[in-house]
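First comes the structure, then the notes that go with it.
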Amino acid sequence: MSEANELLRTAREHTPSRRAPGAHMSRAELAETVCAWLWDTTEVRYELDGHYIAKLERGAVRWPGAAYRSGLRYVLNVASDNELGFSPPPGVVVTEPELTLPSTVGLEDDVSDAGDESISFLTFAEQSNVGDLTVEQLHADILGIAQNYLRAPTRPLFVRSRSVRDRAFRLLAGRQSPKQSRDLYSAAGWAITLLAWMSVDLGRPDVAERHTRTAWACAEAADHDVLRAWIRATQHTAAFWQDDFAGAAAYAQDGLRYAAGTSALFLASAAAVDLARCGRADDARDALGQAKRMPATPADSEPPGLFICTPERAEGIWSDAYLALGEARHTLGHADRAVAMFEAAPHLVRNFGSERMVRLQQAKARLTLGQLDGATETLEPVLSTPLEYRVRPLIHRISEVAVLTAPYARTPQARQLREQIRDFTQHPDLPARPTRTRRRKPGSERPEAATAAKDPKPLEPPKPQQPGSQRTDAHPADVHPTDVQASDPRGSDDHRPEPQQPDVQRARAVPHS
3 MSEANELLRT AREHTPSRRA PGAHMSRAEL AETVCAWLWD TTEVRYELDG HYIAKLERGA
63 VRWPGAAYRS GLRYVLNVAS DNELGFSPPP GVVVTEPELT LPSTVGLEDD VSDAGDESIS
123 FLTFAEQSNV GDLTVEQLHA DILGIAQNYL RAPTRPLFVR SRSVRDRAFR LLAGRQSPKQ
183 SRDLYSAAGW AITLLAWMSV DLGRPDVAER HTRTAWACAE AADHDVLRAW IRATQHTAAF
243 WQDDFAGAAA YAQDGLRYAA GTSALFLASA AAVDLARCGR ADDARDALGQ AKRMPATPAD
303 SEPPGLFICT PERAEGIWSD AYLALGEARH TLGHADRAVA MFEAAPHLVR NFGSERMVRL
363 QQAKARLTLG QLDGATETLE PVLSTPLEYR VRPLIHRISE VAVLTAPYAR TPQARQLREQ
423 IRDFTQHPDL PARPTRTRRR KPGSERPEAA TAAKDPKPLE PPKPQQPGSQ RTDAHPADVH
483 PTDVQASDPR GSDDHRPEPQ QPDVQRARAV PHS
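Going by the numbering used here, the first residue of the sequence shown is number 3, and it counts up by one from there.
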C-alpha cells in the first residue's frame, strides 16, 4: 500500500478556503482553483477533480504531470515540488518540459514594445489632462503585482502591469478633480516602474530606462516623493546592469532627497555598492554606515513586496558592498544573517527572489574563503529553483559563482558543481543534477587560498568599464571546459591541490531584487 502524501494534505489544509471564511480549502475547491489558474495561464482546459486530489494525498500518484504540479505549487503557495511531496520514480530521468517557459523566452519583443509604448505616453503624461473615474482598483492591482513579484511567474504580472498603465492613461484622457488626477498619475507611475524593474530582470536595462523617464513624469504630476525615490532606485538598477556604476551611484544618492520609509534604506545601501564598484572605498563605507543607522519602517504609500526594503534585503545588499570592497568575511556575515531572517519570515511575505540572490552571495564568499563544501551546500536550494523564477539576475549571478570555482578545478566536487550550474543556465528546462556533498576532515579545508584565477570569456560583448571595475559575467561553460565533467563517486578531496585565492574584486555585485 502506498505511503500517504502528508506534505500535500498539510499544505492544502493550511490554505484558506476562498469560499468559506475560516475553513481550509477542500479537495474539490483545490482542484477547481488549479484548473482555473491553468486556464488563465495557458488557455487550455484541464480535467482535475477532488477524486484525483484524494489519490495524490493517498500517495497513489507520486509524480503528477508538469501542468498539475505547476498549478498546485501556485495555489498552495510553495516554491518547489519537494514541498508537496512530489518526486519522480527512482531511476527515472525527468526530461518533460515545465509548464512555464523561462522568464526571457518569448518576451523579447513584448519587453521592447512595452518600452516603446511607454515612451509614446511621455508627452501625454506631461500635460494636464484630467479624468473623472475612481483609481481604487488600479492601486489595488499595483499592490497585488508588487507583492507577488518573484513569487508568481513573470509573464502574467508583466501583462497585468502593462494593463494597469494603459487603463490609467485612458482614464486621464477624461475630466476629474485635481486630486483624482494625481491619484491616476501615481497609479500609472507605479505601473511603469514595475514594468521597468521587470525589464531589468528580463535582461533589458536599456528598455527599463525608457520606462523610467515616463514614470518620472508621472511622479512629477502626482507630486509623489516615495514614487520618485523608487523610480531613482529603479534607474540605479538599470544603470548598474549596464556597468555604469558612477551613474548608478548618482541616481541612488539623488533618490535620497525624496526617500521616506524603506526607500531610504534601499538607496543608501545601493549607493554603497555603487561607490565600492567605482573604487571609492571610503565613500562606500560612509554610505554603509549611513544605511545601517536607518530604520526599516515602511512609509504608508510604499506598496508591499518589491517596493519594501526589509532588514534581510538590506543585509543582502550590504553583503554585496563588502564583496566589492574585498572583505569576504564581512560579506559572509551579512549574507548569513540575511538568509536566517528570510528563513524565519512568514511564508506569505517571504521574498524568495531576494533570498536566492543572497544565497549566491553566500556561495561566492565561501568560495573566496576556501570553503568549497559550504558553497556547494548553499547552492542546493538555488539549483532547485522552478523554471518560471529563473530571471536574468539569478542566471547572471550563478554564472559568477561558476567563475569562482576555477581555483578548485581539479577537484571532482568543483567539476560537478560547475556542471550543475551549466545545466541550470544552458538547459533551464531540465532539473539540476542532485548535489553529492563530501564532508572534509576537520581542518582539511584551507581558510585562505593563494592567487587569482584567469578571466573567462564573458557572456556578452564587453561594455566600457568604470574605473576599478572588472566583469565576471562569464558563462560557466566557458570556464575551463575541459574540466567540466561528472565527478567520480570514488574520488577523494583529501588529495585535491591547494586552491588558489579567487580575486574578490572580480566578483561583480548585481542589482538587489
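Positions of the beta carbon are idealized from the N, C-alpha and C atoms, including for glycine. Quick caveat, the model's predicted, so the values are computed rather than measured.
query	result
At a cut of 8 Å, does the segment 399-413 reach the segment 362-377 through at least three beta carbon pairs?	yes
Using the beta-carbon count (16 or more within 10 Å), is His26 buried or exposed?	exposed
Starting from the C-beta of Trp232, find all residues in its chain whose C-beta is less than 7 Å away, skip the five residues before and the five after it, and write them out in chain order.	Thr195, Ser265, Phe309
Would you mind sorting Lys366 into buried or exposed? The rule is 16 or more other CB atoms within 10 Å of its CB.	buried
Going along the chain, which residues of its own chain have a beta-carbon closer than 8 Å to the beta-carbon of Ser271, five neighbours each way excluded?	Ala289, Leu290, Ala293, Cys311, Ala316, Ile319, Trp320, Ala323, His514
Go ahead and pull the three-state DSSP assignment for Arg14.	helix
Closest by CA to Ala416, which one among Asp83, Ser386, Leu381?	Leu381
Using 8 Å as the Cβ pair cut-off and three pairs as the minimum, do the segment 329-349 and the segment 162-179 touch?	no
From Ser4 to Val36, what does the alpha carbon distance come to, in whole angstroms?	24 Å
Specify, as a first and last residue, the run of the alpha helix (DSSP H) that Thr216 falls within.	207-224
Taking a contact to mean a Cβ-Cβ separation below 8 Å, would you say Asp225 touches Arg184 in this structure?	yes
Given this structure, state the Cα-to-Cα distance separating Gln182 from Gln244, to the nearest angstrom.	37 Å
Can you tell me whether Pro91 is buried or exposed, with buried defined as 16 or more other CB within 10 angstroms of its CB?	exposed
Just to check my reading of the structure: Asp51 and Ala30 have Cβ atoms closer than 8 Å, yes? What is that Cβ distance to the nearest angstrom?	7 Å
In the DSSP assignment, what residue or residues form a beta bridge with Ala154?	Tyr151
In the DSSP assignment, find the alpha helix (DSSP H) that holds Cys37 and state where it starts and stops.	29-44
Thinking C-beta only, is Gly263 closer than 8 Å to Ala301?	yes
List the whole-angstrom C-beta distance separating Ala273 from Gln255, where the pair is believed to meet the contact cut-off of C-beta under 8 Å.	5 Å
Determine whether the beta carbon atoms of Leu204 and Val393 lie at a separation below 8 Å.	yes
Pick from Arg164, Leu173, Thr44, Gly87: whose alpha carbon is nearest that of Arg11?	Gly87
Taking its Cβ as the centre, do 16 or more other Cβ atoms sit within 10 Å of Ala13, making it buried, or is it exposed?	buried
For Trp539, count neighbouring C-beta atoms within 10 Å of its own C-beta (all shown protein chains included) and say buried if the count is 16 or more, exposed if not.	For residue 539 there is no data in the structure shown, the boundaries of the chain being 3 and 515.
Would Gly73 be called buried (16 or more neighbouring beta carbons within 10 Å of its own) or exposed?	buried
Might you give, ordered along the chain, the residues of its own chain that have their beta carbon closer than 7 Å to the beta carbon of Asp457, omitting 5 neighbours on each side?	Residue confidence for Asp457 is low, a pLDDT of 35 falling below 50, so the modelled location carries little weight; the figure read from the coordinates is stated next. Excluding residues within five positions, none has a Cβ falling inside 7 Å.
Does DSSP put Thr437 in a helix, a strand or coil?	For Thr437, the predicted model reports a pLDDT of 42, less than 50, meaning its position is unreliable; a value from the coordinates is still stated below. The answer is coil: DSSP assigns Thr437 none of H, G, I, E or B.
Return the bridge partner residues of His26 from the DSSP annotation.	Pro18
Nearest-angstrom Cα distance between Arg399 and Asn84?	24 Å
Short of 6 Å in beta carbon distance, which residues of its chain neighbour Trp192, apart from the five on each side in sequence? Order them along the chain.	Ile144
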